Amino acid sequence: MQSSTALFHLFFTYESDLPAGCGFAHFGSAHLLWLGILAAGGALFEHCFSHRNSHWRTIVSRILGAALVLLIALRLLILQRIGHLTVYELPLHLCSLAGILCLLHACTSWDWLGQTLYALCLPGTLAALLLPNWNRYPPLSFISIQSFLFHGLIVLYVLCQLRQGTIHPQLQYFWKPLVFLIILVPPMYLFNQHFGANYLFINVPEPGTPLEWLAGFLGNPGYLFGYAVLVLLVMRIMYLLPAGHKESAPG
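Just so you know, we're using numbering that gives the first Met the number 0 here: the sequence shown kicks off at 0 and counts up by one.
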């Protein structure tokens, strides 16, 4: 009984209260297993999705979007229950915002949302899955499970919309995700400065990421220049990929 109780408390234990050495390594066995499960499950889901009619796919897309927002709400609820819902745990990182954008896109099919999800949020989410900053948690803790599922569902949503044709990546609309960033970044930077937060990693480079490497020779805030160049380069590459090379404009 005691071991079961201890396991339960560790499942919901916040990062700062975890014992040392209970996390998982980047590209270690636990990390690779999670990626394999997400890839296999996503491939199966996408295969089923592609063989359904348009009405069914629209309904499922909205369910996926709603599931993402529910995962955000569940995380906030758990953090509140364990006493760690603070200004530093708000859904203001790019991936958290992407989950909300997925639901909005599923309900509206607005093109600027689709362009932003494809060129900006998809590569950001993939980067988070490859270099997760929740690896301080046990691989089967609530935060790890929620984070892997959440990021995996974002990738799945975008891929399904590419398959359905409700996301039409086109280089001529490169400016749409740029406008999103221009609107988002300045107030987020000021918010971070005021509260000592680091949403979007624009105030402090995230350890173990290319941002830390950029800060090593550009300093802080000098690394932000390299950060901006990196984001623009990745977005440009996304539009050079087959999925982003379309001839016709969206209707």
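Positions of the beta carbon are idealized from the N, C-alpha and C atoms, including for glycine. Note that the coordinates shown come from a computational prediction; the quantities given were computed from them, not determined experimentally.
Taking just the CA atoms, how far does residue j sit from residue i?
i, j, result
"Leu183", "Thr57", "28 Å"
"Gly195", "Ala105", "34 Å"
"Pro249", "His167", "Model confidence at Pro249 stands at a pLDDT of 45, short of 50, so the residue's coordinates are unreliable; what they give is reported in the following sentence. Between Pro249 and His167, the C-alpha separation is close to 6 Å."
"Leu70", "His46", "24 Å"
"Asp110", "Arg162", "15 Å"
"Gly35", "Thr124", "16 Å"
"Gly221", "Ala118", "24 Å"
"Phe147", "Leu170", "30 Å"
"Met234", "Ala65", "26 Å"
"Leu96", "Phe11", "23 Å"
"Ser143", "Asn52", "34 Å"
"Phe26", "Pro204", "21 Å"
"Gly40", "Gly22", "24 Å"
"Gly215", "Tyr226", "13 Å"
"Ala126", "Ser49", "25 Å"
"His54", "Arg61", "11 Å"
"Gly82", "Phe141", "15 Å"
"Val178", "Ser15", "36 Å"
"Met187", "Ile201", "8 Å"
"Glu246", "Ser108", "Unreliable placement is indicated for Glu246, whose pLDDT of 49 sits below 50; no coordinate value is reported for it."
"Tyr238", "Leu210", "23 Å"
"Gly20", "Leu100", "35 Å"
"Ser251", "Ile153", "As shown, the chain starts at 0 and ends at 250. That puts residue 251 outside it, with no answer to give."
"Leu240", "Arg80", "44 Å"
"Phe44", "Ile236", "26 Å"
"Tyr87", "Asn132", "14 Å"
"Pro206", "His30", "18 Å"
"Asn219", "Pro185", "16 Å"
"Asn197", "Leu128", "19 Å"
Report, in whole angstroms, the separation of the C-beta atoms of residue i and residue j, which I expect to be a contact under 8 Å.
i, j, result
"Tyr24", "Asn134", "The displayed chain sequence assigns Ala, not Tyr, to residue 24. Sure, about 7 Å apart at Cβ, within 8 Å."
"Leu102", "Leu67", "6 Å"
"Gly113", "Phe149", "The Cβ separation is near 20 Å, so there is no contact."
"Leu232", "Tyr136", "The pair is not a contact, with the Cβ atoms about 31 Å apart (cut-off 8 Å)."
Indicate whether residue i and residue j have their beta-carbon atoms separated by less than 9 Å.
i, j, result
"Leu121", "Thr208", "no"
"Leu37", "Gly151", "yes"
"Leu63", "Leu75", "no"
"Leu217", "Val157", "no"
"Pro138", "Leu9", "no"
"Leu89", "Tyr13", "no"
"Val59", "Cys159", "yes"
"Leu223", "Leu91", "no"
"Val230", "Leu180", "yes"
"Leu73", "Gln145", "yes"
Does the Cβ of residue i lie closer than 8 Å to at least one heavy atom of the ligand GTP?
i, result
"His150", "In the structure on display, the ligand GTP does not appear, and there are no ligands present to speak of."
**Study point:** beta strand (DSSP E) runs contained entirely in the stretch 44-129, provided each spans 3 or more residues
**Key:** The stretch 44-129 contains no whole beta strand (DSSP E) run of 3 or more residues.
Point to revise | Segment contact flag, the stretch 185-192 with the stretch 170-177, C-beta cutoff 8 Å, min 3 pairs | key: The stretch 185-192, when compared against the stretch 170-177, does not touch it at the 8 Å Cβ threshold.
**Study point:** Every unbroken alpha helix (DSSP H) within the stretch 131-163, with a cutoff of 4 residues, ordered by chain
**Key:** For the stretch 131-163, the full-length alpha helix (DSSP H) segments reaching 4 residues or more read 141-163 along the chain.
Point to revise | Complete runs of the beta strand (DSSP E) confined to the stretch 158-219 [at least 3 residues] | key: Listed in chain order, nothing qualifies, since the stretch 158-219 has no complete beta strand (DSSP E) run of 3 or more residues.
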